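Let me begin by presenting the structure, written as structure tokens, before commenting on it.
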Amino acid sequence: MAQQVRGVVAPGKGEPVRIETITIPDPGPGEAVVKVQACGVCHTDLHYREGGINDEFPFLLGHEAAGVVESVGDGVTGVEPGDFVVLNWRAVCGQCRACLRGRPWYCFDTHNAAQKMTLADGTELSPALGIGAFADKTLVAAGQCTKVDPAAKPEVAGLLGCGVMAGLGAAINTGGVGRGDSVAVIGCGGVGAAAVLGARLAGAGTIIAVDLDERKLATAAGLGATHTVRAGDGDVVEAVRELTGGFGADVTIDAVGRPETYEQAFYARDLAGTVVLVGVPTPEMRLELPLLDVFGRGGSLKSSWYGDCLPSRDFPMLIDLYLQGRLDLDAFVSETIPLDGVEAAFEKMHHGDVLRSVVVL
Ligand SMILES: NC(=O)c1ccc[n+]([C@@H]2O[C@H](COP(=O)([O-])OP(=O)(O)OC[C@H]3O[C@@H](n4cnc5c(N)ncnc54)[C@H](O)[C@@H]3O)[C@@H](O)[C@H]2O)c1
Ligand SMILES: [Zn+2]
Ligand SMILES: [Zn+2]
């Protein structure tokens, strides 16, 4: 039987979010209903509320979540009621050209629930990134549930569902950071700080954190940055070169996503190095670079969606490292908040006061 629960809904462009009663259908074939335990507040939720993603209002926000599977529909074999899971927005199809070539992290046809969650009056909701987890329960495709060790705290585990995975993966998967490499991360919010942690995990020798905000630099240093550079205090490219023997870093990661930070990443990189863009630009942004420099400096220019992660491979492994004390994910939980604290959390995010506010249910 369909059930009614609380959910945080963005009713229209720029309007404050509010808690509504939402209807969750029983899971159909290939679907699962998950009892949400925790869900982090990500910049992308704010983008949705501001109409920056699309205008399919009303949205059911929230997409960095962990919880327990409550029920599953026909044909579901991967998870069962009682499983502790992290929700992902990359339930790979196994059939598209990327999946068939053995590169499922580029899957072009990822799965979401076929049925819709609705408001009490029947209005269909658009769940953020196909998840919608600022709610007591949510309906997803079963493939969006990745089982992990239940010893991990939900408010920490859920963060792997988006921003923290994006940053870790930007360094480890996309950037291919290796032992002894030098790495520079520009912008050390939740995503960039995770990139610092990823670079450390991969064995980087020099890790340079760059941010405008001293508080973010202090956090990055705590997570393994060997040097910090305050953007705005001088030339970022020169500072990174100075710290890397005059050459630039092997891998530079732009976790802001603006033309000026991308250009810094491009020139702060050693010859034949790698630039990774993980920050998300807006549609009007343009980049201008001398094409001869693009050619002459060699190496590779990459972008990183969700850290090129494969949830089934990466989430359980990262949770295991966390439980062994080898990956400090606790540092990302700045505060835990109730379901009605999302609007205030957007405000704190805007002022740079937090890495992550996490709704705990
Ligand atoms: N690629 C993906 O899959 C993915 C996933 C999640 C988030 N993101 C994107 O990553 C970006 C960062 O997200 P976040 O949650 O870390 O945001 P955030 O707001 O927490 O962090 C951004 C940081 O960049 C710093 N900054 C801003 N301008 C700067 C500049 N000119 N030089 C240096 N530092 C600067 C800020 O001080 C802040 O610390 C966003 O664009 C977000 O949309 C991408
Ligand atoms: Zn696919
Ligand atoms: Zn997100």
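In our numbering, each residue's number is its place in the sequence shown (first place is 1) plus 1221. The beta-carbon is built from N, C-alpha and C at its ideal position, and this holds for glycine as well. Computed from a prediction, not measured in an experiment: that's the story for all the values here.
Integer Cβ distance of residue i from residue j, believed to fall under 8 Å
i	j	result
Gly1283	Ala1354	4 Å
Glu1484	Leu1340	Wrong, their Cβ atoms sit about 45 Å apart, outside the cutoff.
Ala1349	Phe1280	6 Å
Gly1413	Gly1388	6 Å
Val1404	Val1501	That pair is no contact at about 20 Å.
Cys1263	Cys1383	5 Å
Val1497	Ala1391	5 Å
Arg1324	Cys1530	Between Cys1530 and Arg1324 the Cβ distance is about 12 Å, and since that is not below 8 Å, they are no contact.
Thr1447	Gly1528	Actually they do not touch by this definition, with Cβ atoms about 22 Å apart.
DSSP three-state assignment for residue i, whether helix, strand or coil
i	result
Cys1314	coil
Asp1471	strand
Ile1558	strand
His1448	strand
Gln1224	strand
Val1563	helix
Thr1495	strand
Val1289	strand
Arg1490	strand
Pro1502	coil
His1572	coil
Ala1373	coil
Arg1270	helix
Leu1508	coil
Pro1302	coil
Glu1236	coil
Gly1528	helix
Asp1295	coil
Cys1328	coil
Asn1394	helix
Boundaries (first-last residue) of the alpha helix (DSSP H) holding residue i
i	result
Ile1243	Element bounds for Ile1243: not the alpha helix (DSSP H) but the beta strand (DSSP E), 1239 to 1245.
Phe1536	1532 to 1544
Val1457	1457 to 1464
Val1412	1411 to 1422
Phe1516	1512 to 1517
Leu1389	1384 to 1390
Identified DSSP bridge partners for residue i
i	result
Ser1403	Thr1427
Val1581	Ala1259
His1264	Looking at the DSSP assignment, His1264 forms no beta bridge with any residue, so it has no partner.
Pro1348	Leu1281
Lys1337	Looking at the DSSP assignment, Lys1337 forms no beta bridge with any residue, so it has no partner.
Ala1362	Glu1252
Thr1367	Val1307
Glu1432	Note on residue identity: the sequence assigns Asp, not Glu, to residue 1432. Partner(s): Arg1451.
Ala1356	Gly1228
Neighbour flag for residue i against chain C, beta carbons, 8 Å
i	result
Ala1486	Absent from the structure is chain C; it holds one protein chain and no more.
Cutoff 7 Å; reference residue i; Cβ partners in own chain excluding five residues on either side
i	result
Ser1555	Val1575, Leu1576, Arg1577, Ser1578
Gly1469	Val1461, Arg1462, Ala1489, Arg1490, Asp1491, Gly1494
Val1297	Gly1251, Ala1253, Ala1363
Pro1248	Val1254, Ser1292, Val1293, Gly1294, Leu1360
Met1222	Asp1247
Glu1376	Ala1259, Val1554, Thr1557, Val1579, Val1581
Cys1320	Val1313, Cys1314, Cys1328
Leu1542	Leu1548
Val1238	Val1229, Val1230, Ala1231, Arg1270, Leu1282, Val1563, Glu1564
Gly1519	Leu1492, Ala1493
Own chain residues within Cβ distance below 6 Å of residue i, not counting five before or after
i	result
Asp1330	Cys1314, Cys1317
Cys1409	Ala1430, Asp1432, Lys1437, Ala1441
Leu1267	Phe1567
Lys1234	Gly1272
Gly1288	Val1255, Lys1256, Val1257, Gln1258
Gly1424	Arg1400
Gln1224	Ile1245
Leu1550	Val1377, Tyr1543
Contacts around residue i, its chain only, beta-carbon distance under 8 Å, and the 5 residues preceding and following it disregarded
i	result
Leu1433	Arg1451, Ala1452, Gly1453
Val1457	Ile1407, Val1431, Val1450, Gln1485, Ala1489
Leu1346	Gly1228, Val1230, Ile1243, Pro1279, Phe1280, Leu1281, Lys1337, Met1338, Thr1339, Leu1340, Gly1353
Arg1479	Gly1500, Pro1502, Met1506
Gly1445	Val1417, Leu1418, Ala1420, Arg1421, Ile1428
Residue interval of the beta strand (DSSP E) (run including residue i)
i	result
Leu1522	1521 to 1524
Residue i Cβ short of 7 Å to ligand 5 heavy atom set
i	result
Asp1330	This structure lacks ligand 5; the ligands present are ligand 1, ligand 2 and ligand 3.
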